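> Starting off with a structure, shown below.
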Amino acid sequence: MSPPRHALRLRALPLGLAFLAPSVLLTGCFSAPPQIVQLNPPAGSTQLDANATVEVVFDQPVTHESVAAHLSVYESIKTRVGLTGCNVAAAFTALPGAPCWITWLSGESGFVFHHPGALFAPGTQYTFDLGAGVSSVSGNVNSLDHRWNLTSSAASVLNSATPGDGSTTPRDSPIVLSFSREMSPSAMASAVSLTPGVSGVQVVRNPLNLGQFEVLPDRPLDPSTAYTLTVSRRATDAFGQPILAPITLHFTTGPLSTTGHLLVLAGPGPGDATEVVLAQLRGPSTGLPIPAEVLDAVPLCTDPDGCGDVGPGQPSAAIDDATISAGGQWLAVVQTDTTQMEATPLLRIVNLETGQDQLDLTGATWPAWSPDGSTLAFVAANSSVQLYDPVSGSLSALQPGAAPSGTPVWMADGDALAIPVKATGTSPAHVDLADPTISARYQLPALVGSASSLVAAPQGEELALEVISPSSALPTTWVDDPSGGQPPLKVGTGLEPVGFTDNATLVVALNAPRGAPQLGSFQIATGVVSAITTTLGEMNPESATVAPSGRQIAYITTMPSGAVQAVIANADGSGPLPLTSLAPGLQALSVRFGG
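Structure follows, in structure tokens:
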């Protein structure tokens, strides 16, 4: 950074001794020769920016021609190498935008030397030489030389990089570059490349650390692949100084990280999700965005004549649901073909280490991974609840029962599932509890009615749900622990379950007016509800979800700009951060934790 301005009063001295004596008193009539009374930056300054301007102030107006004829700038006084790219004499008549030019101060009593196209070389001492012959406008001539030195700062260097050179890293690991000086965001964006085959890379500067950047591919990198990240000499500091040499980092990718993720369904509007976005739970550094990359997307119609009901270039399917296994190895996606009317949904189970579909099941819906990620439960086309082990490839059905009305929910230990089911001719709607290890399935007692919003507690078999019973049209929330031997606890109406932060606390969506808190924290033992205030945009309470750890929540919110994005926050609503920054035309439609 350029030093602050300081007044430096000088008198003309013999060559080589300038600036060593105190100033002399100046008369108002300017009968004496013109003298330099101020330099900015001061003589002897170091650590100057590459494009730092140099200001010279005289004690009286001087003629432009006399200064132009006697000013020189040398990179080395011994070899008299000038400032590369700058013709100093021509700078006095050059216009702004030239490699270097001069502007005059008011009253012709000084000038400013600009050189954005002729930067100071890094770590280099420059000598400014104003020779004898500078004349005042009244004709008084200074017969002495003035000479002073200025030294530029060193070029910016890469202080740290994540991943490090030669390392192996998860394929979705954040890529962070930290430099020693403030860097130009536009120059960095044009300088960074990632090979092989990565397009759509964003380079984002940390507003809290202007030398730190995050490199964001639009999709996770391929697993088990050697990558090279290059920063060319197009990268400059904020003042135009290029890095001394290109930077090259080599690293190899592994599987996805195992520290947890969120999946965001995004698309042009509700019911039209076209992308599954994979987001991490936190940013790599305060001020840097949370990495969010497109994990899966529906194909576009490539036929110039269109694809059935879909025009050329339009999505050929809509994503209805998606969930990722713990450990991040498997993705289950439900999508529906939009090229024809009333198409049957398709459940795709994708091996994320190979990128290939492991199994496709027509008519299957409502997938749910077990807590350890080893088993996928889903509702098959024949309405049976089935279990799939992607490692062994085995597929089995639970004990038969009434047709499910929603997604099965695994209990925390992974031993049992709660299944909301539809009414039949002989049985009202209710919730079944199934234990695959003993082939058991039975109805939860005292909970009769259409169930929704089932969520499991982090320990044991406790769960919360909302029920519309035959005797009441209002949805009522209940908390039940089938293993506890106690009847279900009636929580009340207008408190839709969102998730547990612990076994004693339930996050609920409040039936509150617009502008009031939309979420609350319900203490199961006391029945006390405390408002959870969300401050980032206008949140959709029906989209909220709680992390398995109970420490974070995520939800969809409408930003002040009108953009609909996904947000993550602490469980009490504090510290909200955007998960997505979707392009215009896309909006976040749902968000869930997993993987």
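FYI, the numbering for the sequence shown is 1 to 595, going by this note's numbering. No residue lacks a Cβ here, since even glycine has one placed at the ideal position from N, Cα and C. Since the model is a prediction, treat every value here as computed from it, not as a measurement.
My parser needs the alpha helix (DSSP H) runs of 4 or more residues fully inside the segment 388-414; what are they?
Those alpha helix (DSSP H) runs which fall completely within the segment 388-414 and span 4+ residues do not exist here.
> Is it true that the CB of E496 sits closer than 7 Å to the CB of S453?
Here residue 453 refers to the residue found at position 453 of the sequence shown. Here residue 496 refers to the residue found at position 496 of the sequence shown. Result yes, Cβ atoms of S453 and E496 sit closer than 7 Å.
> Taking the alpha-carbon of R205 as reference, which of V350, A434 and A238 has the nearest alpha-carbon?
Along the sequence shown, one-based indexing puts residue 205 at 205. Selected option, being the one with the closest Cα: A238.
> Tell whether a beta-carbon distance below 7 Å holds between A569 and V264.
Your numbering for residue 569 matches position 569 in the sequence shown. Your numbering for residue 264 matches position 264 in the sequence shown. Cβ distance not < 7 Å, so A569 and V264 don't count as in contact.
> Taking 6 Å as the limit between beta carbons, can you name the residues of its chain near N511, skipping five residues before and five after?
Along the sequence shown, read from residue 1 onward, the residue named residue 511 stands at position 511. Answer for N511: G494, listed in chain order.
> Give, in chain order, every unbroken run of the beta strand (DSSP E) that is at least 3 residues long and sits entirely within the segment 82-145.
Correct list: 101-104, 110-114 and 125-130.
> Would you give the residue range spanned by the alpha helix (DSSP H) that H70 belongs to?
Position 70 of the sequence shown, counted from the first residue, corresponds to residue 70. First-last for H70: undefined, no H or E at that position.
> Beta strand (DSSP E) containing P445: first to last residue?
Numbered from 1 along the sequence shown, position 445 holds the residue referred to as residue 445. A440 to V448 is the extent of the beta strand (DSSP E) around P445.
> Is it the case that the segment 111-130 contacts the segment 31-51, given that we only count it when at least three CB pairs across the two stretches are under 8 Å?
yes
> Could you check the C-alpha separation between F593 and N351 for me, to the nearest Å?
Locating residue 593 in the sequence shown gives position 593, where the first residue counts as 1. Locating residue 351 in the sequence shown gives position 351, where the first residue counts as 1. Whole-angstrom Cα-Cα distance: 18 Å.
> Starting from the Cα of V625, find the closest Cα among T424, V448, S439 and G425 and give me that residue.
The displayed coordinates of the chain run from 1 to 595. Any statement about residue 625 would go beyond what the structure contains.
> Is it buried or exposed for V391, if we count other Cβ within 10 angstroms and need 16 for buried?
Along the sequence shown, one-based indexing puts residue 391 at 391. With fewer than 16 Cβ atoms within 10 Å of its Cβ, V391 is classed as exposed.
> Between the beta-carbon of I553 and the beta-carbon of A571, is there less than 7 Å?
Position 553 of the sequence shown, counted from the first residue, corresponds to residue 553. Position 571 of the sequence shown, counted from the first residue, corresponds to residue 571. The answer is yes: Cβ separation under 7 Å.
> Classify S76 as buried or exposed, calling it buried when 16 or more other Cβ atoms lie within 10 Å of its own Cβ.
Walking along the sequence shown from the start, residue 76 turns up at place 76. By the Cβ neighbour-count rule, S76 is exposed, with fewer than 16 other Cβ atoms within 10 Å of its own.
> Looking only at C-alpha atoms, which of N149, P61, G97 and D145 sits nearest to V54?
Sequence index remark: in the sequence shown, residue 54 carries index 54 (1-based). Closest option to V54, Cα to Cα, is N149.
> With a floor of 3 residues, list each beta strand (DSSP E) that falls wholly inside the segment 296-332, ordered by position along the chain.
317-324
> Touching or not, the segment 277-292 and the segment 577-592, by the rule of three or more beta carbon pairs under 8 Å?
yes
> In the DSSP assignment, find the alpha helix (DSSP H) that holds A516 and state where it starts and stops.
Along the sequence shown, one-based indexing puts residue 516 at 516. Counting along the chain, A516 falls outside any alpha helix (DSSP H), and DSSP gives it neither H nor E.
> For a quick check, are the C-beta atoms of A547 and L506 less than 7 Å apart?
Translated into the one-based positions of the sequence shown, residue 547 becomes position 547. Translated into the one-based positions of the sequence shown, residue 506 becomes position 506. Cβ atoms of A547 and L506: not closer than 7 Å.
> List the endpoints of the continuous beta strand (DSSP E) containing M539.
Numbered from 1 along the sequence shown, position 539 holds the residue referred to as residue 539. Where M539 is concerned, the enclosing beta strand (DSSP E) stretches over E538 to V546.
> Would you grab the beta carbon distance between V298 and I319 for me? Rounded to a whole angstrom, and I think it's under 8 Å.
Your numbering for residue 298 matches position 298 in the sequence shown. Your numbering for residue 319 matches position 319 in the sequence shown. Between I319 and V298 the Cβ distance is about 6 Å, and since that is below 8 Å, they are a contact.
> Taking the alpha carbon of R421 as the point to measure from, which residue in A412, P33 and T407 has its own alpha carbon closest?
Your numbering for residue 421 matches position 421 in the sequence shown. It should be noted that the sequence gives Val, not Arg, for residue 421. Checked all of A412, P33 and T407; the closest Cα to V421 is T407.
> Check S193 in the structure and name its three-state DSSP category.
Here residue 193 corresponds to residue number 193 of the sequence shown, with the count starting at 1. The answer is strand: DSSP assigns S193 an E or B state.
> Does the distance from the C-beta atom of L417 to that of A377 stay below 7 Å?
Here residue 417 corresponds to residue number 417 of the sequence shown, with the count starting at 1. Here residue 377 corresponds to residue number 377 of the sequence shown, with the count starting at 1. Yes, the pair counts as a contact, with Cβ atoms nearer than the cut-off.
> Assuming contact is defined by CB atoms lying nearer than 7 Å, are I349 and A322 in contact in what I supplied?
Working through the sequence shown from its first residue, we reach residue 349 at position 349. Working through the sequence shown from its first residue, we reach residue 322 at position 322. The answer is no: Cβ separation not under 7 Å.
> Would you kindly work out how many angstroms separate the C-alpha atoms of P22 and P42, rounded to a whole number?
On the sequence shown, residue 22 is found 22 positions in, with the first residue counted as 1. On the sequence shown, residue 42 is found 42 positions in, with the first residue counted as 1. Note that P22 scores a pLDDT of 35, beneath 50, so its modelled location is shaky and nothing firm can be said.
> May I have the straight-line CA-CA distance separating A402 from P345, to the nearest angstrom?
For the purposes of this step, residue 402 is taken as residue 402 along the sequence shown, with counting starting at 1. For the purposes of this step, residue 345 is taken as residue 345 along the sequence shown, with counting starting at 1. A402 and P345: Cα-Cα distance of roughly 21 Å.
> If I'm right that V137 touches V88 with Cβ under 8 Å, what's the distance once you round it to whole angstroms?
Counting from one through the sequence shown, the residue named residue 137 turns up at place 137. Counting from one through the sequence shown, the residue named residue 88 turns up at place 88. With a Cβ gap of about 22 Å, V137 and V88 do not count as contacting.
> What residues in its chain sit with their C-beta under 7 Å from that of D502, if we drop five residues either side in the sequence?
In the sequence shown, the residue the question calls residue 502 occupies position 502. Excluding sequence neighbours, D502 sits near P458 and G550.
> Can you have a look at V215 and say buried or exposed, based on whether 16 or more other CB atoms are within 10 angstroms of its CB?
Locating residue 215 in the sequence shown gives position 215, counting from the first residue. That one is buried.
> Do three or more CB pairs link the segment 147-161 to the segment 272-280 at distances below 8 Å?
Cβ pair count under 8 Å is below three, so no.
> With a threshold of 16 other CB atoms inside 10 Å of the CB of P470, please say whether the residue is buried or exposed.
As a first step, residue 470 must be located in the sequence shown, where it is residue number 470. With fewer than 16 Cβ atoms within 10 Å of its Cβ, P470 is classed as exposed.
> Considering only DSSP beta bridges, list what K490 is partnered with.
Position 490 of the sequence shown, counting from 1, holds the residue named residue 490. W478.
> Out of A191, L177 and P220, which has the shortest C-alpha to C-alpha gap to V198?
The residue given as residue 198 occupies position 198 in the sequence shown. Out of A191, L177 and P220, P220 has the C-alpha closest to the C-alpha of V198.
> What residue range is occupied by the uninterrupted beta strand (DSSP E) comprising V264?
As a first step, residue 264 is located in the sequence shown; it is residue number 264 there, counting from the start. Run containing V264: H261 to G267, per the beta strand (DSSP E) assignment.
> Quick one: give me the first and last residue of the beta strand (DSSP E) that T162 is part of.
For this step, residue 162 is matched to residue 162 along the sequence shown. Unbroken beta strand (DSSP E) run through T162: L158 to T162.
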